[in-house]
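S.K.:
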Amino acid sequence: MNTPTMRVLSLIPPMTQLNTPYPSTAYITGFLRSRGVDAVQADLALALVLKLFSPAGLESVRSHALAQAEAERTASVHAFLDQFPRYRATIGLVIAFLQGRDSTLAHRIAARELLPEGPRFAALEVYVDAALSEEGGDPLAWAFGALGVQDKARHIATLYLNDLADVLRDAVDERFAFVRYAESLASSQPTFEPMAAALAAPFTLVDEILHTLTLATLSQHKPDLVLLSVPFPGALYAALRIAQTIKAQNPHITIALGGGFVNTELRELAEPRVFDFVDFVTLDSGERPLLALMEYLQRKRSKQRLVRTFVRESPHPNPLPEGEGADAGTVRYINFVEPEVPFEEVGTPTWDGLPLDRYLSLLDMLNPMHRLWSDGRWNKLTVAHGCYWKKCSFCDVSLDYISRYETASAATLADRIETIVSETGQTGFHFVDEAAPPKALKALADELISRQLPISWWGNIRFEKTFTPELCQLLADSGCIAMSGGLEVASDRLLTLMKKGVTVEQVARVTKGFSDAGILVHAYLMYGFPTQTVQDTVDALEYVRQLFENGCIQSGFFHRFSCTVHSPVGLDPAAYGIELIPLPPVTFAKNDIGFIDPSGVDHDALGVGLRKAIYNYMHGIGLDEDVRAWFSHLPGKVPKPTVGRNRIAKALAQPA
0 MNTPTMRVLS LIPPMTQLNT PYPSTAYITG FLRSRGVDAV QADLALALVL
50 KLFSPAGLES VRSHALAQAE AERTASVHAF LDQFPRYRAT IGLVIAFLQG
100 RDSTLAHRIA ARELLPEGPR FAALEVYVDA ALSEEGGDPL AWAFGALGVQ
150 DKARHIATLY LNDLADVLRD AVDERFAFVR YAESLASSQP TFEPMAAALA
200 APFTLVDEIL HTLTLATLSQ HKPDLVLLSV PFPGALYAAL RIAQTIKAQN
250 PHITIALGGG FVNTELRELA EPRVFDFVDF VTLDSGERPL LALMEYLQRK
300 RSKQRLVRTF VRESPHPNPL PEGEGADAGT VRYINFVEPE VPFEEVGTPT
350 WDGLPLDRYL SLLDMLNPMH RLWSDGRWNK LTVAHGCYWK KCSFCDVSLD
400 YISRYETASA ATLADRIETI VSETGQTGFH FVDEAAPPKA LKALADELIS
450 RQLPISWWGN IRFEKTFTPE LCQLLADSGC IAMSGGLEVA SDRLLTLMKK
500 GVTVEQVARV TKGFSDAGIL VHAYLMYGFP TQTVQDTVDA LEYVRQLFEN
550 GCIQSGFFHR FSCTVHSPVG LDPAAYGIEL IPLPPVTFAK NDIGFIDPSG
600 VDHDALGVGL RKAIYNYMHG IGLDEDVRAW FSHLPGKVPK PTVGRNRIAK
650 ALAQPA
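When the letters of the sequence shown are read in order and numbered with numbering that gives the first Met the number 0, they come out as residues 0 to 655.
(1) If Ser23 sits next to Gly233, beta carbons under 8 Å apart, how far is it from one beta carbon to the other, in whole angstroms?
(2) Which word fits Phe274, buried or exposed, when buried means at least 16 other C-beta atoms lie within 10 angstroms of its C-beta?
(3) Pick helix, strand or coil for Glu312, following the three-state DSSP scheme.
(4) With 16 other CB atoms within 10 Å as the buried threshold, where does Glu323 fall?
(5) Tell me whether Asn262 is buried or exposed, calling it buried when 16 or more other Cβ atoms sit within 10 Å of its Cβ.
(6) Measuring CA to CA, which of Leu496, Pro54, Lys389 and Cys471 is closest to Pro84?
(7) Do Leu198 and Gln710 come within 8 Å of each other at the CB atom, strictly closer than that value?
(8) Could you tell me if Val607 is buried or exposed, where buried requires 16 or more neighbouring beta carbons within 10 angstroms of its beta carbon?
(9) Short check: CB of Cys391 to CB of Lys498, under 8 Å?
(10) Report back the beta-carbon spacing between Phe587 and Pro189 to the nearest angstrom; my notes put them in contact at under 8 Å.
(11) Buried or exposed: where does His565 fall if 16 or more other Cβ atoms within 10 Å of its Cβ makes it buried?
(12) Less than 8 Å separating the beta-carbons of Ala164 and Gln67?
(13) Which residue marks the beginning of the beta strand (DSSP E) containing Thr281, and which one marks its end?
(14) Does the beta-carbon of Thr329 have 16 or more other beta-carbons within 10 angstroms, so that it is buried, or is it exposed?
(15) Between which two residues does the alpha helix (DSSP H) containing Met497 stretch?
(16) Between Met482 and Leu296, what straight-line distance do the alpha-carbon atoms span, to the nearest angstrom?
(17) When the Cα atoms are used, what is the spatial distance from Tyr526 to Glu312?
(18) Quick check on this structure: which residue in Ala574, Gly576, Val626 and Thr495 has the alpha carbon closest to the alpha carbon of Arg544?
(19) Report the three-state DSSP secondary structure of Phe30 (helix, strand or coil).
(20) Quick one: grab the DSSP three-state call for Thr329.
(21) What are the boundary residues of the beta strand (DSSP E) that Leu380 is part of?
(22) Threshold first: 4 residues or longer. Then list the alpha helix (DSSP H) segments lying entirely within the stretch 597 to 648, N to C.
(23) Please report the Cβ distance between Asn366 and Met617, rounded to the nearest whole angstrom; I am assuming they are in contact, meaning their Cβ atoms lie under 8 Å.
(24) Around the Cβ of Ala247, are there at least 16 other Cβ atoms within 10 angstroms (buried) or fewer (exposed)?
(25) To the nearest angstrom, how far is it from the Cα of Leu97 to the Cα of Tyr358?
(26) If you follow the alpha helix (DSSP H) that Gly427 is part of, which residue opens it and which one closes it?
(27) Spell out a yes or no on whether the stretch 8 to 27 and the stretch 210 to 229 are touching, meaning 3 or more CB-CB pairs, one atom from each, closer than 8 Å.
(28) Under 8 Å between the Cβ atoms of Ile658 and Asp596?
(29) Going by beta-carbon coordinates alone, are Val506 and Ala539 separated by less than 8 Å?
(30) Taking 8 Å as the cut-off, decide whether the C-beta atoms of Ala439 and Val520 are in contact.
(31) For Arg61, I'd like the list of residues in its chain whose CB is within less than 6 Å of its CB, leaving aside the five on either flank, ordered along the chain.
(32) Closer than 8 Å by C-beta to Ala25: which residues in its own chain qualify, once you throw out the five before and the five after it? Chain order, please.
(33) In the DSSP output, what is Arg559 paired with across the bridge?
(34) Sorted by chain position, which residues of the same chain lie with C-beta nearer than 7 Å to His251's C-beta, five sequence neighbours on each side aside?
(35) Nearest CA to the CA of Glu469: which residue from Asp445, Ser455, Thr216 and Arg34?
(36) Which same chain residues, not among the five before or five after Ala604, have their C-beta less than 7 Å away from its C-beta?
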């Protein structure tokens, strides 16, 4: 293949993460550079936050808040205006502290005298109310101890930023959030209409800043092709605002849209108005479609030989604007079948060009495992593409990011790790696999140990019996500090229905092996799965209580089951005892689909108790209580668990 000569700019749109770059641009930039392409990247999500959360940014927020009628101001806005001089004076200090540039400030922040405190600080009283009031004293002292000044200060600073984010939402842009920004405009939205209306509306303050940042980035990099990576629904609105600015500034710049959200929800895209903002939309792994697209743009291949790419075709060479009798055109999907770029040959991710010293280490939760998602700058890397199991009935096993399983050798992975450490100067890694295969992890651990490569790493796995205590210890010796995995519904009946391939007792033994090796464990938990009864839910929580009680897991999160159109449940609902609710005509996003479960259980009401229980369990509170106490808000009698209170302890005492 001839080497492309164009400059490619990959952008991270708001909002993704604040503690570390979202890895998609690092992956694609590293790949393109390995092919000799002039590729650069920028993180507009971080840049936007740093502009908003600055003295000048807060002045603008204050102006918007003062323009509100007093009766419309929320408690967050009132607290902000009342304490504005303190907010303005401290915002720069807090950002510098969270970036690791002023660690000595921790002492003043931890004393709770320096920073203004808004409604978010009421969360601190949860710990007192739950258990600590019996002993008296400071709940943060309980959480962090006498010497944990840095962490205590980071938690207080995070609450401070969350208060300001609430002010932005309430006074500037009701869609604003650190992660779920304008999510409702995109997530499973059958029509483009709400998004089109939002993009046609006058700029908010957030839009204005993003517009300015986009123009500055264009001026700096002067790209020929811009890649917008949209991993979540909460990044699409800002991505299209960026595209809108680019097209207005220089319509000759080509824009391509891709990423996890696109791969999942836009697979049946038929809305031509999307192409008012972007020129191409690509699906699944971006390497092969992007190579084909660049060849097409350089007239080295025809449009008919694009790969997994949506385009708009207009019946008019120069279509009139909408509303003037123009035909918006039609969307066409082109997929000239070519071999994927092997995972072994995708190159090493690079963070070159991203401001690694400006990310914010946040501490949302007082839990040592849960903090890893928001605290610290982790180098993101994938051990294997796809999932080696690919059977779970709730998962999008029909899609490429799950179904196409490929590995790279341990030597190749270790080479990538060494290169990344050399580039970034940082030795923390988050392996972002759907489920890292045990065989590959063992080989990698052996390679890391043999090379004496001292890194810290964590990742996601299936809690399968292959992870013996001996393997857990080997992974710990290689630098593993934490593991997350899906226990889902802690019920053997439902785990079988899910085709999860594990039992609750097996999960207990595996997680205990990790914990005994000094590795923190997080369990992904689910409720509301088809045919799940109240009894199933109560029993599941009892299992979870015992897993915490016996030191098998240190963290967990309950999420509500969502049926997706690409999962086995969505593809064959009758096999799971449910009936799908027909979707309206879809021309835009398609993913979640409602269903009717004949059990009639009020899972939303149960979810309140589950979330409250898991929150307390993660802080060591309420582990001796009857699990039915967490459902005291429910009408009627809650059934007693059918699980013996020592079931997990007995399972752990038995030989594997």
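We put the CB at the ideal spot given by N, CA and C, even for glycine.
Everything numeric in this text was worked out from a predicted model, so none of it was measured.
M.R.: Quick look at the numbers:
(1) Taking the Cβ atoms as the reference, Ser23 lies roughly 15 Å from Gly233, outside the contact range of under 8 Å.
(2) buried
(3) strand
(4) Below a pLDDT of 50, predicted positions are generally treated as unreliable, and Glu323, at 43, falls in that range; no measurement from the model is reported.
(5) buried
(6) Scanning Leu496, Pro54, Lys389 and Cys471 for the CA closest to the CA of Pro84 turns up Pro54.
(7) With the chain represented from 0 up to 655, any question about residue 710 goes unanswered, as that position is not in the structure.
(8) exposed
(9) yes
(10) 6 Å
(11) Buried, because 16 or more other Cβ atoms sit within 10 Å of the Cβ of His565.
(12) Not in contact: Ala164 and Gln67 (Cβ atoms no closer than 8 Å).
(13) Phe279 to Thr281
(14) Thr329 comes out exposed.
(15) Note, Met497: alpha helix (DSSP H), Asp491 to Met497.
(16) Roughly 43 Å separates the two Cα atoms.
(17) 44 Å
(18) Val626
(19) helix
(20) strand
(21) Here the beta strand (DSSP E) through Leu380 covers Asn378 to Leu380.
(22) 602 to 616
(23) 5 Å
(24) exposed
(25) 8 Å
(26) Run containing Gly427: none in the alpha helix (DSSP H); it sits in the beta strand (DSSP E), Gly427 to Phe430.
(27) yes
(28) An answer regarding residue 658 cannot be provided, because it is not within the stretch 0 to 655 covered by the chain.
(29) no
(30) Taking 8 Å as the cut-off, the beta carbon of Ala439 is found no closer than this to the beta carbon of Val520.
(31) Phe83
(32) Gln40, Pro348, Thr349, Trp350, Leu353 and Lys379
(33) BP columns for Arg559 point to Tyr526.
(34) Cβ within range, chain order: n/a, list empty.
(35) Asp445
(36) Excluding five sequence positions before and after Ala604, the CB atoms of its chain that fall closer than 7 Å to its own CB belong to Leu633, given in chain order.
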